[in-house]
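In this note's numbering, the protein residues as written are 633 to 1024.
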């Protein structure tokens, strides 16, 4: 049972706390790393994949509330990480984290959190917290864990209240790679792990704004050779790599802030008719480069069960088909600002927000969701095949 939901009085044995910017205090049992971290509180509705969520760089500066109660029961392993220890700063769960019960586990989730600096809070009424987010929006907050239960609530409240939030924040510099990398990993199979990539053509240059590694594996699976470059790689540097196509990755923060330096590069690629494919943040910045605008969402979309419908022209017999998708975003392309040169290709059936675009007359498209996360479980892999098929 939850120790205490939305209470200022610290219950006995409470070793963790979530303090919202408005002063609301939510107590629980802390686990994982000790200390405190500030971020935006969001919720994720997926029933599986908590390790992938916690290492997704798109969750940088966010505290994830898992609506599924049994988090940690399959343990942790090194194959399911999506980045080099980056991702969410903390997580909130309903039940205590139990010992793992899965043949792939190589570590307990709690010990994994300690090693990767992730702060956890269990014993929280996550249903009440999720309902609060749905009604009032995603709040800024501080999550803290102290095994002795000693907390300076005044300082935590001040930290939460003074944090600027995600709007206007460029978080990409803290999650992007520092140098060019020739991607080597192929697709994963049970019992054998990740295969080695051996494709030589076509060549995709992937701009890393905070990418999930499984995106690169799926590009390899679709038949491409992949070179990953840092977010601030110049247009000339990208062209010098002689790409057949350029991929725009997912990532954290406000796309308008990152777009200050990323959009001119994308526009240069569009002018040269180089094929482009963007996912999540990459999709948003493709929209910005084409003349649309982005906006902060009230609560965002995060989970592995989001229905998205194919709309617009060019779908043939699959027009109107619904894909079950995986999502993680707090910003979106404003469909009302799409210029005539951009076609909307996908929409969310939850709230009608934009989930896909294509640039007319160009081999350039993007989707707001994550096809590499195996939603459906294979509803969206065609996007990688479509992109690689454009490259000739």
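All C-beta atoms in this analysis are idealised placements derived from N, C-alpha and C, irrespective of residue type, glycine included.
When C-beta atoms of the stretch 892-900 are compared with those of the stretch 919-928, three or more pairs fall below 8 Å, so the two segments count as touching. A check of alpha carbon separations from residue 644 across 911, 1007, 659 identifies 659 as the nearest.
The straight-line gap separating the alpha-carbon atoms of residue 903 and residue 801 is approximately 28 Å. For residue 794, the enclosing alpha helix (DSSP H) stretches over residues 785-794.
A residue is called buried once 16 or more other Cβ atoms fall within 10 Å of its Cβ, and residue 680, having fewer, is exposed. Distance between residue 1020 and residue 998, taken at the CA atoms: about 14 Å.
Under DSSP, residue 685 forms no beta bridge with any residue.
Residue 734 sits exposed, since fewer than 16 C-beta atoms from the chains shown fall within 10 Å of its C-beta. Non-local C-beta neighbours of residue 973 in its own chain, meaning closer than 8 Å and more than five positions away in sequence, comprise 922, 923, 991, 992, 993, ordered along the chain. When the beta-carbon positions are compared, residue 838 and residue 879 come within less than 9 Å of each other. Every alpha helix (DSSP H) stretch that sits fully inside the stretch 814-901 and reaches 4 residues is listed by chain position as 845-853, 867-872.
Shown here, residue 912 sits in coil according to DSSP, grouped into three states, outside any helix or strand.
Note on residue 834: 16 or more other CB atoms within 10 angstroms of its CB, so buried under the neighbour-count rule.
Pairing residue 730 with residue 675 gives a Cβ-Cβ distance that is not under 9 Å. Put simply, of 840, 789, 853, 785 the residue whose alpha carbon is nearest the alpha carbon of residue 870 is 840. Of the other Cβ atoms in all chains shown, 16 or more fall within 10 Å of the Cβ of residue 908; this residue is therefore buried. The secondary-structure analysis by DSSP pairs residue 939 across a beta bridge with 956.
With respect to the C-alpha of residue 894, the residue from 727, 793, 913, 905 having the closest C-alpha is 913. Inclusion of residue 673 and residue 703 in the CB contact set at 9 Å is not warranted, their separation being larger than that value. Straight across, the Cα-Cα distance linking residue 710 with residue 745 is about 13 Å. With fewer than 16 other CB atoms across the displayed protein chains lying within 10 angstroms of its CB, residue 952 is exposed.
Around the beta-carbon of residue 947, fewer than 16 other beta-carbon atoms lie within 10 Å, marking it exposed.
Counting the other CB atoms within 10 Å of its CB gives residue 786 a total below 16, which places it among the exposed residues.
Residue 844 and residue 859 have their C-alpha atoms spaced approximately 14 Å apart. Non-local C-beta neighbours of residue 661 in its own chain, meaning closer than 6 Å and more than five positions away in sequence, comprise 647, 648, 754, 755, ordered along the chain. With respect to the 9 Å criterion, residue 831 and residue 852 are classified as neighbours on the basis of their beta carbons.
Straight through space, the alpha carbons of residue 682 and residue 750 are spaced by roughly 12 Å.
Setting aside the 5 residues that flank it on each side, residue 910 is surrounded in the same chain by 880, 918, 998, each with a C-beta closer than 6 Å to its C-beta; the list follows chain order. Per DSSP, residue 761 is one residue of the alpha helix (DSSP H) stretching across 758-768.
Going by DSSP, residue 1021 is part of the alpha helix (DSSP H) stretching over 1014-1022. Separation of the CB atoms of residue 737 and residue 707 is rounded to 3 Å, and the pair is thereby assigned contact status at 8 Å. Judged by pairs of C-beta atoms under 8 Å, the stretch 821-831 does not touch the stretch 975-982, as fewer than three such pairs exist. Around residue 815, the same chain offers 848, 858, 860 as residues with beta carbons nearer than 6 Å, after the five sequence neighbours per side are excluded. Burial state of residue 892 is exposed, judged by a 10 Å Cβ sphere holding fewer than 16 other Cβ atoms. Going by DSSP, residue 659 is part of the beta strand (DSSP E) stretching over 657-664. The DSSP-derived three-state label of residue 969 is helix.
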